[in-house]
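The opening position of the sequence shown corresponds to residue 3 in my numbering, with each subsequent residue numbered one higher.
Notes to accompany the following structure.
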Amino acid sequence: MTTSREREIAQERQAVHRLYDRLDVLRERTEHDLRRARHGQTAGTPGAQTEQEAFVRLYTERLGSLTAAERRLCFGRLDLTDGTSRYIGRIGLTDDDQQQLLTDWRAPAAEAFYQATSADSRDVVRRRHIMTEGRDVTALEDDVLNLDALDDGAIAEEDVQGGGVLMAALARKRTGRMHDIVSTLQAEQDAIVRAPMQGILVVEGGPGCGKTVVALHRAAYLLYTHRDRLARSGVLVVGPNPIFLHYIEQVLPALGETAAVLATPGQLYPGLDAHGSESDEVAAVKGSLRMADVVSRAVKARQRIPSRPVKLNVGGTPIMATPKMFTAAVERGRASRRPHNIARRSYALAMLDLLAEELAAARGLDIDTRRAELISDLRDSPDVRREVNLAWMPLSPEQVITELLTDERRLHEAASSLSEAERALLLRPVGHPWTPADVPLLDEAAECLGADDEAERRAEARANAERAHEAEYAQAVLEMTGTRGVSADQLIERYAEQASSMTVAERASTDREWVFGHVVVDEAQELSPMMWRLLARRCPSLSMTVVGDLDQAASAAAPAEWADILNQLAKPRAKGERRWRVERLSINYRTPRPFMELAQQVLRDFGRVPAEVTSIREGEPPRWIPLSTDAPATTEIVDLVHSELADPDLGRLAVLCAPESVDQITGALTDATPAGTVGHGADRLDSPVSVLTIADAKGLEFDVVVVVEPERIVDSSAQPGRDLYVALTRATRRLVIASSTPEWLDQDSAAAPQQI
Numbered sequence: 003m004t005t006s007r008e009r010e011i012a013q014e015r016q017a018v019h020r021l022y023d024r025l026d027v028l029r030e031r032t033e034h035d036l037r038r039a040r041h042g043q044t045a046g047t048p049g050a051q052t053e054q055e056a057f058v059r060l061y062t063e064r065l066g067s068l069t070a071a072e073r074r075l076c077f078g079r080l081d082l083t084d085g086t087s088r089y090i091g092r093i094g095l096t097d098d099d100q101q102q103l104l105t106d107w108r109a110p111a112a113e114a115f116y117q118a119t120s121a122d123s124r125d126v127v128r129r130r131h132i133m134t135e136g137r138d139v140t141a142l143e144d145d146v147l148n149l150d151a152l153d154d155g156a157i158a159e160e161d162v163q164g165g166g167v168l169m170a171a172l173a174r175k176r177t178g179r180m181h182d183i184v185s186t187l188q189a190e191q192d193a194i195v196r197a198p199m200q201g202i203l204v205v206e207g208g209p210g211c212g213k214t215v216v217a218l219h220r221a222a223y224l225l226y227t228h229r230d231r232l233a234r235s236g237v238l239v240v241g242p243n244p245i246f247l248h249y250i251e252q253v254l255p256a257l258g259e260t261a262a263v264l265a266t267p268g269q270l271y272p273g274l275d276a277h278g279s280e281s282d283e284v285a286a287v288k289g290s291l292r293m294a295d296v297v298s299r300a301v302k303a304r305q306r307i308p309s310r311p312v313k314l315n316v317g318g319t320p321i322m323a324t325p326k327m328f329t330a331a332v333e334r335g336r337a338s339r340r341p342h343n344i345a346r347r348s349y350a351l352a353m354l355d356l357l358a359e360e361l362a363a364a365r366g367l368d369i370d371t372r373r374a375e376l377i378s379d380l381r382d383s384p385d386v387r388r389e390v391n392l393a394w395m396p397l398s399p400e401q402v403i404t405e406l407l408t409d410e411r412r413l414h415e416a417a418s419s420l421s422e423a424e425r426a427l428l429l430r431p432v433g434h435p436w437t438p439a440d441v442p443l444l445d446e447a448a449e450c451l452g453a454d455d456e457a458e459r460r461a462e463a464r465a466n467a468e469r470a471h472e473a474e475y476a477q478a479v480l481e482m483t484g485t486r487g488v489s490a491d492q493l494i495e496r497y498a499e500q501a502s503s504m505t506v507a508e509r510a511s512t513d514r515e516w517v518f519g520h521v522v523v524d525e526a527q528e529l530s531p532m533m534w535r536l537l538a539r540r541c542p543s544l545s546m547t548v549v550g551d552l553d554q555a556a557s558a559a560a561p562a563e564w565a566d567i568l569n570q571l572a573k574p575r576a577k578g579e580r581r582w583r584v585e586r587l588s589i590n591y592r593t594p595r596p597f598m599e600l601a602q603q604v605l606r607d608f609g610r611v612p613a614e615v616t617s618i619r620e621g622e623p624p625r626w627i628p629l630s631t632d633a634p635a636t637t638e639i640v641d642l643v644h645s646e647l648a649d650p651d652l653g654r655l656a657v658l659c660a661p662e663s664v665d666q667i668t669g670a671l672t673d674a675t676p677a678g679t680v681g682h683g684a685d686r687l688d689s690p691v692s693v694l695t696i697a698d699a700k701g702l703e704f705d706v707v708v709v710v711e712p713e714r715i716v717d718s719s720a721q722p723g724r725d726l727y728v729a730l731t732r733a734t735r736r737l738v739i740a741s742s743t744p745e746w747l748d749q750d751s752a753a754a755p756q757q758i
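This is how it looks when you write it as structure tokens:
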């Protein structure tokens with residue numbers, strides 16, 4: 003006999019199939035439009051070709067959004083007090099008559115799906131969660147918020163439930179990629195997602211509270227809600243390392259959004275991927291705001307005034323360029339208050355004027371009537387070009403920072419505000435690879451230098467010539483077609499907006515001066531003041547979502563409070579104003595309670611009181627495996643991993659260890675397991691087993707975690723205890739601690755792992 007629940011599943015199966023049928027129709031139409039745009043004939047004009055490229059880009063992005071919606075297209079339904087029902091899904095769908103079939107989860111009409119409660123039902127009688135596999139409905143879960151409003155017999159008492167969808171999602175094994183949680187967003191998370199875009203929103207919370215995924219859903223929500231603004235400017239997402247970016251890169255496309263640039267701190271200077279290493283002490287000095295003044299002084303020091311007169315030969319006429327003349331010209335350039343490379347033109351023109359007077363006197367000519375001729379002769383003189391350029395050379399950021407960090411004389415000259423010990427830390431050999439801490443220095447130098455004025459003026463001249471040619475061509479087209487009411491300039495401007503076939507993300511990632519509409523910063527507690535200064539340039543409006551946990555801060559220069567950084571970054575514009583706010587997530591959805599209790603006890607043992615975090619998942623206690631001292635530790639780790647790999651439901655396993663052990667353990671596991679078992683590179687999480695440092699593991703989660711030699715992790719950390727806290731909170735199912743010196747933990751502690 004068919005139960006009422008089976009009948010309802012069958013009805014929902016039909017409804018979901020209809021939605022997928024509509025998705026197929028829209029996808030087929032978009033594919034047809036894309037083929038037509040790609041292969042259709044055009045007028046052959048530059049404008050027509052540009053318009054064709056714009057349509058190709060439009061249909062490609064639309065097709066991507068429709069394809070991404072395939073997984074769990076519809077996941078919910080709201081039954082309302084007026085008798086209507088509203089399906090909630092990954093995207094919005096309408097029929098050909100523009101009747102709403104599926105409501106986008108980000109739309110105001112879907113907010114009640116996440117926020118309605120029995121105390122505040124928001125006109126919702128029943129919230130239904132629809133579970134699917136592929137395109138088939140497999141189960142339903144109902145939250146009845148107004149039982150009195152339901153028709154008699156509409157729902158059986160045993161069908162009134164809640165929380166199962168969330169717990170089922172949490173119990174699924176990990177795949178090495180972060181998935182969206184659009185169907186299981188909790189009310190406190192949804193409130194953050196839909197918070198106003200203005201100002202800096204700090205999303206703070208302990209491990210496993212969903213800070214990162216909430217911030218990504220917030221980015222998708224803002225792109226939907228503020229489409230006109232953010233579609234043009236894009237969103238910048240900053241993550242701690244390439245492994246993390248690979249882990250999260252599917253989330254926004256799965257939510258239908260492509261206008262986002264993902265970058266590590268080492269990639270925030272276009273054209274550079276800085277991954278060189280250096281000590282925490284060096285990085286802390288480079289990250290200090292004092293370095294902004296050091297870089298400025300380093301640039302200013304390159305505006306050199308000769309100590310004695312310089313003899314110049316101008317077409318056979320000897321003249322003298324005096325220090326006084328150089329001083330006056332340099333002051334003229336500095337008075338413009340423009341960046342070095344742009345102010346250089348003011349300096350050069352002033353110097354040529356002064357030299358022209360000297361040359362006129364030497365030749366007995368009238369300066370007022372012969373100035374242009376005299377300046378032309380000066381420009382032709384190799385002596386003049388050499389000496390004028392040497393006093394104020396065009397510079398690149400790379401040149402300034404390289405010489406600052408490798409030339410002791412230049413460093414001492416520019417960094418007198420630093421101590422001798424700090425300057426010694428900064429000095430490094432020529433050829434040292436760029437590090438992430440160098441990136442803000444390069445960006446600061448670029449800001450002080452500006453673009454090379456000569457190159458800029460040549461580019462402007464070329465652009466003017468091209469525009470004149472385009473205007474002539476456009477006028478001819480208008481005359482040939484008999485078009486009226488449109489000027490040649492208007493025709494050019496119409497297509498100039500679509501001049502680039504690159505996406506917003508592609509253009510933004512290559513332009514240092516690009517201004518993003520919003521910035522998401524993950525593991526924000528690790529960023530230096532200089533890196534925050536860089537991010538403020540990328541988003542002057544300071545519309546940011548900042549994700550972090552001060553308990554997990556590993557940097558020696560990490561702030562004690564968010565105010566230490568944000569009060570400086572977002573200075574109030576009026577008395578009493580604060581341009582940043584904090585929202586705290588306190589529910590841990592990932593880490594089982596025993597693991598979390600152990601991690602918090604470790605943090606207390608190192609003198610820090612952890613923020614309150616409540617784990618909603620129970621689990622088995624952590625296990626402790628003693629490593630013998632008379633055998634290589636890697637042998638025992640290999641045996642341990644082999645035993646875990648025998649579990650058919652393993653999911654993903656991580657071996658977390660101190661940096662000096664990564665290569666050794668990775669090599670041993672690679673040799674002892676089938677090819678592809680152990681991951682390498684930025685995509686290593688796609689393999690069943692990964693060997694990671696704690697820095698690489700931040701923000702990630704695994705089914706099983708093996709923490710190797712926790713005492714070495716502590717010894718290698720600038721913030722003892724905090725890295726170990728991170729390591730102990732990455733697992734969702736099993737946590738194993740392997741140590742040859744178990745004295746690091748009081749075995750009598752209630753939080754102590756079980757020995758096996």
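Glycine is no exception: its CB is placed at the ideal position from the N, C-alpha and C atoms.
For residue i, which option in the options has the closest C-alpha, if you only look at C-alpha atoms?
i	options	result
Ala613	Trp626, Leu397, Leu658, Gly550	Gly550
Leu95	Lys302, Ala17, Val126	Ala17
Leu129	Phe77, Ala276, Met180, Ala173	For clarity, residue 129 is Arg in the given sequence; the question names Leu instead. With distances taken between Cα atoms, Arg129 lies closest to Phe77.
Tyr2	Arg365, Arg736, Arg735, Ile715	Given that the chain is displayed from residue 3 to residue 758, the structure contains no residue 2 and the question cannot be resolved.
Leu60	Leu75, Pro542, Asp81, Asp35	Asp35
Thr760	Thr734, Val738, Ser741	Outside the shown range of the chain (3 to 758) lies residue 760, about which nothing can therefore be said.
Met322	Pro308, Cys211, Arg334, Met133	Pro308
Asp99	Leu380, Val664, Phe597, Arg24	Arg24
Arg334	Arg220, Gly136, Ser348, Thr324	Ser348
Ala572	Arg137, Gly136, Gly201	Gly201
Tyr22	Thr105, Ala670, Arg137, Ala562	Arg137
Ile194	Arg40, Ser530, Arg583	Arg583
Leu149	Thr140, Met199, Thr83	Thr83
Gly212	Ala720, Ala660, Ile618, Asp295	Ile618
So, under 8 angstroms CB-CB, residue i and residue j are touching, yes? Tell me the CB distance rounded to an integer number of Å.
i	j	result
Arg88	Ala71	With 8 angstroms as the limit, Arg88 and Ala71 do not qualify as a contact, their Cβ atoms being about 17 angstroms apart.
Arg124	Gln117	7 angstroms
Ile667	Thr636	6 angstroms
Glu389	Val312	5 angstroms
Asp524	Pro242	7 angstroms
Ala729	Leu642	Contact doesn't hold; Cβ gap of about 16 angstroms is too wide.
Trp436	Ala276	4 angstroms
Leu232	His520	6 angstroms
Ala559	Ala286	4 angstroms
Give me the DSSP bridge partner(s) of residue i.
i	result
Tyr89	Arg79
His131	Gly78, Glu143
Arg736	Val706
Gly759	For the chain, the structure presents residues 3 to 758; residue 759 sits outside this window and is missing.
Thr616	Ile589
Leu655	Val691, Val706
Thr404	DSSP lists no partner for Thr404.
His520	Val237
Leu264	Val239
Trp394	Gln305
Would you call the CB atoms of residue i and residue j closer than 8 angstroms?
i	j	result
Ala507	Gly236	yes
Pro399	Leu357	no
Leu397	Asn343	yes
Val615	Gly208	yes
Val205	Val216	yes
Pro272	Arg514	yes
Ser663	Glu711	yes
Gly452	Arg610	no
Ala265	Leu238	yes
Val770	Pro267	No statement about residue 770 is possible, as the shown extent of the chain runs from 3 to 758 and does not include it.
Val253	Asp182	yes
Query raised in the report: Which parts of the region 301-357 are runs of the alpha helix (DSSP H), unbroken and 4 residues or longer, counting only runs that do not cross its ends?
Result: If only complete runs of 4 or more residues are kept, the region 301-357 shows the alpha helix (DSSP H) at 325-337, in order along the chain.
Query raised in the report: What runs of the alpha helix (DSSP H), each 4 residues or longer, lie entirely inside the region 535-607?
Result: Runs found: 564-571, 595-607.
Report task. Jot down the residue ranges of each uninterrupted alpha helix (DSSP H) in the region 213-255, minimum 4 residues, whole runs only, in chain order. Result -> DSSP runs (the alpha helix (DSSP H)) wholly in the region 213-255: 213-227, 229-235, 244-250.
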